[in-house]
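Chains as they are written, first to last, in the working numbering: chain A, 22 to 331; chain B, 1157 to 1578; chain C, 4 to 234; chain D, 178 to 565; chain E, 9 to 263. A short worksheet on the structure shown next.
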Amino acid sequence: METVVFAVLNGVIYGLLLFMLSSGLTLIFSMMGVLNFAHASFYMLGAYFAYTLMEGSNFWIALFIAPVLVGLAGMVVERYGLRKVHARGHVAELLFTFGLAYLIDEVVKIFWGRTAVNYKVPELLDFPLFTLYGAQYPAYRIFILLVAILMLVALWYLLRRTRAGLIIQAALTHPHMVGHLGHNVPMIFMMVFGAGCALAGLAGVIGGNYFITDPAMAVQMGPIVFVVVVVGGLGSLEGAFIAAMIIGLLQTSAVSINASLADIFGFLGLAGTSEVGGITIASMAPMLPFLLLVVVLMVRPTGLMGDREV
Amino acid sequence: MTDMTTTYVDLAPSRAEKFRQRVLPMILFALALAVIPLFGPSRSTLTLLNHMGINIVFALSFNMLLGRAGMLSFGHAVYLGLGGYFCVHVMNWIAADTGIWGAVPIFTMPAFGFGAGALAGAVIGWPSCRRAGTPFAMISLGVAELVAAAGFMFDSLFGGEMGISADRMGGPEFLGLSLGPLNEVYWYIAFWTFVGVVGTYAFTRTPLGKLSEATRDNPERVEFVGYNPQRVRYLVFIFAGAFAGMAGGMSAVQDEIFTPENLSLVPSGAILIAAYVGGIRYFTGPIMGAIVMTYMGSNLSDYTAGWLLYLGLMFVGVVMFVPDGIAGVVYGTWDVLRSGRLNEVAAGWAIRLLGLALMAVSTITLVEVAFRWSDGYGEVFEPFGLELAHGSPLTWVVIVLPFVIGALLLRRVARSESEVTS
Amino acid sequence: MLAIRDLHAYYGKSHVLHGVNMEIMPGEVIALLGRNGVGRSTTAKAIMGEVSPIGSIRFKGQEISGLANHKIARLGLGYVPESRDIFPAMTVRQNLLLGIKDMRRPGKWNIQQMLDMFPNLARRADNPAGVLSGGEKQMLTMCRTLMGDPDLIIIDEPTEGLAPLIVQQVGDMIAEIAKAGVSILLVEQKLSIALRIADRVYVMGHGEIVYGGTPDDFATRDDIRKEWLEV
Amino acid sequence: DTIKMAFIDPLSGAMASSGEPALQSFMLAAEHINANGGVNGDDIEIVGYDNKVSPKESLVQLQKAIDSGARYIIQGNGSSVASAIIEAVNKHNARNPGEEVIFFNYAAVTPAFTNEACSFWHFRFDAHTDMKMNAITDWVAKRDDIKKVYIIGQDYVHGEAVAAAAVSQLKEKRPDIEIVGNELHPLAKVKDFTPYVQKIISSGADAVITGNWGQDMTLLVKAAADAGQKIPYLTFYGGSNGAVAALGEGAVDTLYQVSEGVTNLEASDEQYAMIEEYKERFPQYDYYYDRAFTTLQMFDAAAEKAGSVEPIAVANAMEGLEVDAAYGPATMRAEDHQLQQNLFVTTVAKDVKYGVDNTDLGWRLVDGGKISAEAASTPTTCQMERPE
Amino acid sequence: MSNEALQLIDLKKSFGPAKIIQGVNLQVAKGERHAIIGPNGAGKSTLFNLISGRFLPTSGEIWLNGDKISGKKPFEINRMGLSRSFQVSNIFTNMTVRENVRCGVLYSMGYGYSFWRNIGNLREVSEKTAAILEDVGLIDKAHLPATLLPYADQRTLEIAITIAGGAEVILLDEPTAGMSHSETDRAVALIEKASQGKTLLIVEHDMGVVFNLADRISVLVYGEIIATGTPEEIRGDPKVREAYLGEEVEEGVPA
Ligand SMILES: Nc1ncnc2c1ncn2[C@@H]1O[C@H](COP(=O)(O)OP(=O)(O)OP(=O)(O)O)[C@@H](O)[C@H]1O
Ligand SMILES: Nc1ncnc2c1ncn2[C@@H]1O[C@H](COP(=O)(O)OP(=O)(O)OP(=O)(O)O)[C@@H](O)[C@H]1O
Ligand SMILES: CC(C)C[C@H](N)C(=O)O
Ligand SMILES: [Mg+2]
Ligand SMILES: [Mg+2]
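This is how it looks when you write it as structure tokens:
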């Protein structure tokens, strides 16, 4: 029982963080068709900016300023980089962001060193909220939960309920027509990219101290964010949310399971002493999301909730 | 008088032309490979050359996918890795002298890698080649992560963190090569690099090779001339896997170890960069890319801590401004030289070169100063006796001024050129 | 209002417009005629910045060639493309909403007026635009363009592929718009409509204007019709 | 002349916090030796090569190091890497007679390297897993309140060796103890240990044994602290950068480590001066790798004894050599090239001379925590092949 | 029965709720040149897409030379002897003209997915390719990349690829769209020659071409064939005049 409760609690928190990270990518990917490989790098920037801002001010200021800074960085990247390669198609865009990820990694190392920085949870939130089955539950995780839900609602509102959201959506399929109606499409794209990056930055501010802020954080989160977005389905915020949750729960609960493959498939004659039988579910946790990705793409190329092929 | 037996216009290039365009470069390439040892390369040079050979074959196999068939793979290292792993196992069987293995020369490893890579391509390609475009790219990414993760789980196959090592000095000698010292390994690598280059080139000349290009350009139309584009992609994928596996076999002998990281996204990304920087639209592009990137990857780090940053900058620069890569520049220059238009463009080129050089000066200064500042050891960047501390105004002059001038020069050339063409 | 001088345009290497000259006065309705593929749509696209124009295009005295398409639109040029490009997933009302350039400065048309003018649309106001019939889509595109308060509308083949009855309706609507003082450049093939509402007629052939005159004059020019319009 | 020594370890990425302080320790040690006249008059130069804890990358770096003239290789972070280097060095020396290189292993503790897989070219300056585990299990054996033990480690040779040693030694010394968990997690990839800690909590363990190091150590105790867990963590590398800071006061009497010495042990004034100099030079880290200093001290002594800095001569001279290290005598056993030295079980306490991680908490010897070199020693199965 | 090259039986196609093809029945005899005309959006291209396997019919059957082809993949249908062109040029843009045509030739000459032969040594393939280029008049431009061709030549290349495989049944979708008078005449001559002894199904808006070329004409309006007959019959059919040709008659009479 307690295993289940903890697995769910942790899975949900991890899932929400994944969602925060991937919502920005969903936004960019679905609005502009750009597969932003550097997305996790903007997540990293968020964490580092917050760390630096916290030295001079406090967490709450960083929580607002850092994502804005990351968003501005994203806008600059769009304006002077992406826009130039846009005409040459999605592969060029993708490669551009691929290279950008390398660059951001290196620049981060210059400014903040090659090892982890001590970016800490704010003291105000650094207390155990309640105790469950003998383990304390830190308040910060509930804070993550709240921010993520807030973000989901705000994004959903922005996309579905405002005219700006309508323009963005129309611009994806009919960029020229939207331009002829007098809307500045390049500008919109720049804003969308900036907003997406800012969301990644926000996830960085919040995730950086929950996990660890080091130059490897981008590389480690990068692929999994793609999994979330693609599995969820292109352009589908709901899909990204569901996929993030599934992956969060899947990975966390896999770690909590003590069984090995032999225990599960034992009746098929798989011996615990064989190598395959000896593999534990817990050790399979890192590969589960990718298994999910491959299976989903093969069965449903539109993703769980998407309406377009990736 | 015209030859009456020819009832059609022979469009194929003449014999002489064929020789000049196809055979001659291969002969020159073989010659170059054969001549290099005469310079008495040091051990480090030999290591570098061997890695270049491996990466040339690897990059060419990658480009069978991206450049030729338009399939962007983020997991091509999987096939090099699986081919290489298989060869490492074979080398250990040879060393153990079990069954017939004792009679197999280590020299033949790339052939085994070729087979293993093809098999891996056939198995993994079956599901993944059913999709093209971005779904294919994403699947390849997922597969790479999956295989790499599996690499850490199945110790008896992949050796876990430690990987699996082998000794290249087992089995019967072939062509008198013990493969112990590096200069003997060089001959081995040179031989197989040549085989790889000829093989991948020959592939482009086959009906399937041509069809893969057609499928890249217009998969839909291919269906209406009788081909199944999925089938075309799948077959190309198997061949790309096979040649990657061959590179794996070369690497197994050179490095004598394979670890699960060999299967991961990192080497896959590196070869993508190498091929792209070299120029994916040209057959020789990946070769140039592999040579340049291998050199930079292994030697640049000796000169500067910022080598990764330089690589990143170079890649982004190529993506943004030189989409045809190094090969594009080389061929473009060559065309101009040959057609004797050098004097027309010389001025523009000179200005452009100057602009680029100025921008490079300022970028290098910035990076070097930044890295020294970041190290915190108080070291100062001192090019040509100039003292450029991060705090000194001179430093910032050297960073800002050339950049601005260079950018202005480049813009001017770009503008005047676009006027000429319109 | 609009003055085009020596306009050229290319698709890649193929040269489509070979020096187009034309003028539109305020309040005028101009019909641009010509056979399939002579470059009428391309002219419209060049004006709107969809294909890059070479030459001079002045709108209200300002040079607009080379401007970004939203800037051209904001100067008061409306465009109804051949492909119509409604936003199918959005409702009719949302489509109209997107026609407004600046929410803070509403133009002389509002959504209610539009719906009043076209009961067909009013009935479908909250349906996704994708389910509309061809004629309704055409009306919607024109209304959407009007929401942006343009001074000149370029309409490309509004009646293409429409049933005769609807062709009639669309014709009436264009006449209505013209009455409200908006200039119109109508790219048409159907002579009946063009001649009914146009103040002046241009005929295009092989990327050039080969004739310009009033409908009455045009009616007398059998030679032009034979050479440039009939198949 | 300079004697080039190649230091091949992670200098970037998750495990750099382990590699960097070690490099700094070796550099400081080399500086001191050079300042005292060098090794037979030659200066030592330490050159760092970043291997990202990857065996394959290490071999590439090794090749580069050898090509650039290094005849001494230093490595420690990761037994998987060490194993690859041992093999590569063996091969290199066999293929290139006259250009032999020697491998100084300062931290890779898998027992095999000085047992079945021992090599003449390899010297280990850290006590190996079985030796360290002996110290830990002795301590556990004395604590009757410990009934359930959880073993967690990194999924590679080292983690496996730690688990195996813990299981077999506990069975021998305290058959009544139940091992309630024996888990391996991926090396340097886990970002959040919360699920693992929760598993430990629900297993009802009274103590945890772990061989984790680097980021894996820090994050593990961080997660334990977040969950409010307060049971002894018996570690090899509780001294990893940041671990004490993560636990804060909670580290007192919960975090234990076994090592060849800690800064708060009784020592000479020169040693205290060295500790302070280190902190001043590298404020980001604490003096931790005492064996780095021992390694170079021993090299210096061996070179002097051999009258040469040639690898084979130095290696021969090093066999059986004894030096006075900071925390007691250290002898290089000739049969297996395993350094024999005192071990200390320490825990975190408040009132100490040197705090770590910029806190006032530091490492203090537990009662009866000193294990003499003889007691720590284990027999070897090494059959060493020596060059003639 | 086997005299029918192509037979459509109650063919229907819907996209979601939109019924685009609503029960088309059509027989095209071997060797016949059959034209399909109709207003924009009537479903002509859709019909071609159904026949050539690009779309799956919602219901109904398609038979080619006595074999059922509905439900088969485009490449299977092509191998059974049916080839089509596209309304929008659909060529291999990065390859040369010669390579384009060669792609059309290869499969039919038995070099499917061959990867053990040097394409340059396939003499028959080169001959056939050259012959086709000669026929369509692109031989001088054989070594140009296809993108660099002028528009009309691209349309010609489109036809060349279509006929290259030697299919017995050829579908051409508005082959002369966008061509000038003289270009159109050349194209018509080419089509005439290429369809010699073959079955041709053609969609055209240019009535000159249609009446010139076709043995029989079908008129498609809103997804239904409202009339089929010889050019004379069609010209005289009041229904057709009303639905399609009508405007032409009206044309020239100012309102
Ligand atoms: N995107 C394009 N790429 C290449 N050529 C094009 C493109 N669009 C149009 N063309 C060609 O340019 C020429 C002019 O096209 P345009 O669309 O302006 O003709 P139009 O007079 O409007 O005829 P239509 O009745 O077809 O609308 C035609 O030959 C057409 O085929
Ligand atoms: N994939 C699709 N999804 C939805 N509707 C479609 C699709 N393809 C075609 N249609 C619709 O089917 C109708 C018929 O299109 P089709 O292209 O067959 O017309 P056509 O007769 O060839 O016209 P044209 O003479 O203009 O080429 C059009 O209304 C079109 O919008
Ligand atoms: C750096 C060390 C902690 C390495 C570890 N002891 C190992 O053997 O792998
Ligand atoms: Mg048009
Ligand atoms: Mg059509």
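All residues carry an ideal CB built from backbone N, CA and C; glycine is no exception.
Asked	Found
8 Å Cβ cutoff, E:P239 in contact with chain C	no
Cβ-Cβ distance between C:M145 and C:R43 below 8 Å	no
Continuous alpha helix (DSSP H) stretch holding A:P149: start and end	That residue, A:P149, is in no alpha helix (DSSP H); its beta strand (DSSP E) goes 149–153.
Beta carbon of B:S1229 nearer than 8 Å to that of B:F1399	no
Minimum Cβ-Cβ distance from E:I3 to chain B less than 8 Å	Only positions 9 to 263 of chain E appear in this structure, which leaves residue 3 of chain E out of reach.
Between the CA atoms of A:Y72 and B:V1492 - distance to the nearest angstrom	53 Å
CB contact below 8 Å: E:A172 versus chain C	no
Backbone secondary structure at A:I278 - three-state DSSP	coil
Classification of E:N11 by the beta-carbon crowding that lies within 10 angstroms, buried from 16 upward	exposed
At least three beta-carbon pairs within less than 8 Å, the stretch 53–66 of chain A to the stretch 217–236 of chain A	yes
Burial state of D:A550, where buried means 16 or more other Cβ atoms lie within 10 Å	buried
Within chain A, partners of D:Q331 - CB distance below 8 Å	Within chain A, no residue comes near D:Q331; the closest Cβ sits about 12 Å away, beyond 8 Å.
Cβ of C:S186 within 8 Å of any chain E Cβ	no
Strand pairing of C:P131, partner residues [DSSP]	C:T94
Sequence-distant residues of its chain with Cβ nearer than 6 Å to E:Y28 (five each side left out)	This sequence places Ile at residue 28 of chain E; Tyr is not what is there. Taken in chain order, the residues that qualify are K21, G51, T54, G231.
Contact under 8 Å by Cβ, C:D159 with C:V190	yes
Members of the stretch 60–77 of chain C that neighbour chain A once the beta carbon cut-off is set at 9 Å	A71, N72, H73, K74, I75, A76, R77
Straight-line Cα distance separating D:K325 from D:G336	19 Å
Interface flag, B:T1290 vs chain A, CB-CB below 8 Å	yes
Any C-beta of chain C under 8 Å from that of A:E23	no
Contact between the stretch 307–327 of chain A and the stretch 1301–1309 of chain B (3+ Cβ pairs under 8 Å)	yes
Segment contact, 8 Å Cβ cut-off, at least three pairs: the stretch 104–118 of chain A with the stretch 1468–1486 of chain B	yes
Residues near D:S554 in its chain [Cβ-Cβ closer than 6 Å; skip 5 each side]	Q517
Interface partners of A:G155 on chain D, CB under 7 Å	I378
C-beta neighbour in chain C for A:A191, strict 8 Å	yes
Residue ranges of each alpha helix (DSSP H) within the stretch 1433–1463 of chain B, 4 or longer	1441–1451
Cβ-Cβ separation, D:L347 to D:V385 (assumed contact under 8 Å), whole Å	Actually they do not touch by this definition, with Cβ atoms about 13 Å apart.
Strand pairing of B:W1348, partner residues [DSSP]	In the DSSP output, where bridge partners are listed per residue, B:W1348 has none listed.
Simplified DSSP assignment, three categories, for C:T162	coil
DSSP bridge partner residues for D:T395 (one or two, in chain order)	DSSP lists no partner for D:T395.
Residues near ligand 3, criterion Cβ-heavy atom distance below 6 Å	D:S195, D:G253, D:N254, D:G255, D:S256, D:A284, D:A285, D:V286, D:T287, D:H335, D:W390, D:Y414
Local Cβ density within 10 Å of D:I262, reported as buried at 16 or more and exposed below that	buried
Contact under 8 Å by Cβ, B:Y1357 with B:L1367	no
Residues of its chain near B:A1272, where Cβ-Cβ distance is below 7 Å and the 5 sequence neighbours each way are ignored	L1238, G1239, F1242, G1401
Runs of alpha helix (DSSP H) wholly within the stretch 337–383 of chain D (minimum 4 residues, chain order)	371–380
Three-state class that DSSP yields for B:W1552 in the structure shown	helix
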